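Chains as they are written, first to last, in the numbering used here: chain F, 84 to 415; chain R, 96 to 511.
Next up, the structure:
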């Protein structure tokens, strides 16, 4: 044993391999920890906590999209449905069950996952059909929640007032925690055997099934995880703003932003959606606030340039640059 | 691990960009020395669903500000002098989540003296708990949603309109007085519209009238053709539609294009945005339509603060040609409520400003009528008369038709 250890110490390549393994094992945790630390510092520098809460939630949502779309290839336009369900389940928990905010947020995540389970049959469809039916499902959730006949349960179109449970510090902490957990989960999945399974499903579900992969089950787990992340995100959002109407949380913009942020950063990678969400959400606030007249133009240009020159997002762009450095300008 | 520097750099850049999004125009709320300016912070919808309503409100507030700054600023009772007013306004793009971060920006970064909400309940909602949590008074312009007004929330002042559930009080009286028994009610399933529908229905039922149709539709509805056909099949004597401006426009356009004729059609917003409706629906589609008669069409020759009706109309029209409507009047009135509150406040603390607003209750009459607050900060002084649009040389003209004390014309029923 000692001899083996000595051998390893004497062999630089083994040493490097060990170091590489350590790095590989630590990298998901580091990828999650760095944004969390930045948020924890940022709140002391910049006191608009709610903006940071929203940014953290969008990082989590972009990672949720990454898990279901980046890893399995299923694009859910109706992702906002889980967000809204999470907000309402948490709100219901606070108002009717007397739950504390943090507990209600976790229950909101369960609500999101249950909504995901209800939509399981949609996986009979693929591509644009799947995307559109999830959009319809999101709208259906909205219609149910805002239905005046259900006012006794959901308060119908009158919205919820959670002001008694409002806590800016706790909601900020939970949002940052959610961002960290979402990044960590995505990173761990990507590096795991399960992540390889999802990649196989994305590439060709029929071949994956032929190879013995339980496609339906594995895809379902990814779907539930993505839905739970959205549910928790919606619950934190609802708690953070405290007074909201159904249209505020069942808002297709949530899906659009999460998808665009993930695509901008680069789906399939771990850091891409994080950077995409942080950067684009910041630009959204800067341009939208300081130059509202140019907002749509600038945002539109960014997206057009992205599609034209970096279709794989920032992650793809960085990979291309690295390849060029390694293999020279003419390398393909 | 190569991504780590990039990740750190980008996230830090993101935070910096976000921080740069704020204006640094803060002002002190110190009571010891007078500030150089009174900052008023608000958000507005520069685009999207609520832009047509939000922009006129902002114009009205800006008009009030210009008027006061011409005099050297707004009079602040705590310092017994006029202090210039400065506006910090952010565009929320009709998005409630964007509005939420911007309200927080105004409170935590800009540290404005006065926080004013955007138009309507949806864009006011995110400000309610933020203002309450930071103990900042929220001058709520037209967010009449019921959830905002609770015994616990002492930090809200509804400036310009009554709570939405009391809007149709006079309308119900009108229908009962006219002996209209067959009523169809179509409403959008949002707080603002459904609360009106619920009130109307209960008041009619109390008078022994059960609506033939009582149908909720999503707020996103842009075509009423199908529902109009089913309503027409019931042969109602009055069709009442409660929606936001885009809904009302679509509804009236659909009534016209469907060829259906009803004895009475009522919608909410023509009385507030008449020129917009004239351009979108046209005279033929608007004539004899009923709506709420807003204070823009009621003459207040004697006021306790600001300009009277005639002065406001002429001066505002000169400053903002073609922009005069009930919502610009509401924005101006918000300024007057702020003005009165600052005059009464013993200091610039938020508690003192809130107390100053409460002191105004029942003692303020403006171009927008009587200002009176209930114990929850909701406006109860204004009552909205029933009005009707009559054909005129300029298209249509709005006249209050009920109650008789406020009527400037006799209702034409059934509509020709």
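The beta carbon of each residue, even a glycine, is placed where N, CA and C say it ideally should be. Everything numeric in this text was worked out from a predicted model, so none of it was measured.
For residue i, three-class secondary structure by DSSP
i, result
"residue 134 of chain R", "strand"
"residue 146 of chain F", "helix"
"residue 356 of chain R", "coil"
"residue 314 of chain F", "helix"
"residue 492 of chain R", "strand"
"residue 402 of chain F", "helix"
"residue 299 of chain R", "helix"
"residue 341 of chain R", "helix"
"residue 400 of chain R", "coil"
"residue 326 of chain F", "strand"
"residue 178 of chain R", "strand"
"residue 524 of chain R", "No statement about residue 524 of chain R is possible, as the shown extent of chain R runs from 96 to 511 and does not include it."
"residue 189 of chain R", "coil"
"residue 207 of chain R", "coil"
"residue 438 of chain R", "helix"
Rounded straight-line distance, which links the Cα of residue j to that of residue i
i, j, result
"residue 204 of chain R", "residue 183 of chain R", "11 Å"
"residue 496 of chain R", "residue 265 of chain R", "11 Å"
"residue 366 of chain R", "residue 386 of chain R", "6 Å"
"residue 402 of chain R", "residue 489 of chain R", "26 Å"
"residue 166 of chain R", "residue 176 of chain R", "11 Å"
"residue 407 of chain F", "residue 186 of chain F", "49 Å"
"residue 402 of chain F", "residue 272 of chain F", "21 Å"
"residue 297 of chain R", "residue 161 of chain F", "37 Å"
"residue 440 of chain R", "residue 138 of chain F", "38 Å"
"residue 203 of chain F", "residue 304 of chain F", "10 Å"
"residue 119 of chain F", "residue 191 of chain F", "22 Å"
"residue 345 of chain R", "residue 319 of chain R", "7 Å"
"residue 374 of chain R", "residue 225 of chain R", "38 Å"
"residue 285 of chain F", "residue 371 of chain R", "51 Å"
"residue 240 of chain R", "residue 475 of chain R", "13 Å"
"residue 491 of chain R", "residue 288 of chain R", "25 Å"
"residue 122 of chain F", "residue 383 of chain F", "28 Å"
"residue 468 of chain R", "residue 307 of chain F", "49 Å"
"residue 156 of chain F", "residue 209 of chain F", "9 Å"
Classification of residue i by the beta-carbon crowding that lies within 10 angstroms, buried from 16 upward
i, result
"residue 289 of chain F", "exposed"
"residue 328 of chain R", "exposed"
"residue 399 of chain R", "exposed"
"residue 125 of chain R", "Only weak support exists for where residue 125 of chain R lies, its pLDDT of 43 falling under 50; the coordinates are left without a value."
"residue 389 of chain R", "buried"
"residue 157 of chain R", "buried"
"residue 181 of chain F", "exposed"
"residue 396 of chain R", "exposed"
"residue 233 of chain F", "exposed"
"residue 321 of chain R", "exposed"
"residue 315 of chain R", "exposed"
"residue 449 of chain R", "buried"
Contact under 8 Å by Cβ, residue i with residue j
i, j, result
"residue 443 of chain R", "residue 173 of chain R", "yes"
"residue 316 of chain F", "residue 348 of chain F", "no"
"residue 202 of chain R", "residue 231 of chain R", "yes"
"residue 180 of chain R", "residue 132 of chain R", "yes"
"residue 134 of chain R", "residue 208 of chain R", "yes"
"residue 155 of chain R", "residue 424 of chain R", "yes"
"residue 198 of chain F", "residue 165 of chain F", "yes"
"residue 228 of chain R", "residue 219 of chain R", "no"
"residue 313 of chain F", "residue 172 of chain F", "no"
"residue 214 of chain F", "residue 136 of chain F", "no"
"residue 434 of chain R", "residue 169 of chain R", "yes"
"residue 275 of chain R", "residue 306 of chain R", "no"
"residue 206 of chain F", "residue 302 of chain F", "yes"
"residue 378 of chain R", "residue 362 of chain R", "no"
"residue 527 of chain R", "residue 426 of chain R", "An answer regarding residue 527 of chain R cannot be provided, because it is not within the stretch 96 to 511 covered by chain R."
Cβ neighbours of residue i in the same chain (closer than 6 Å, five flanking residues each side left out)
i, result
"residue 115 of chain F", "263, 266, 267"
"residue 195 of chain F", "165, 168, 169, 310, 311, 313, 314"
"residue 460 of chain R", "398, 399"
"residue 149 of chain F", "269, 345, 350, 356"
"residue 237 of chain F", "228"
"residue 450 of chain F", "Residue 450 of chain F is absent from the model: chain F starts at 84 and stops at 415."
Neighbourhood of residue i by C-beta distance below 7 Å, restricted to the same chain and skipping five residues each side
i, result
"residue 355 of chain R", "323, 327"
"residue 223 of chain F", "none"
Own chain, CB closer than 8 Å to residue i, minus 5 neighbours either side, in chain order
i, result
"residue 321 of chain F", "169, 170, 171, 173, 174, 191, 243, 245, 327, 332"
"residue 368 of chain F", "134"
"residue 152 of chain F", "158, 159, 342, 345, 350"
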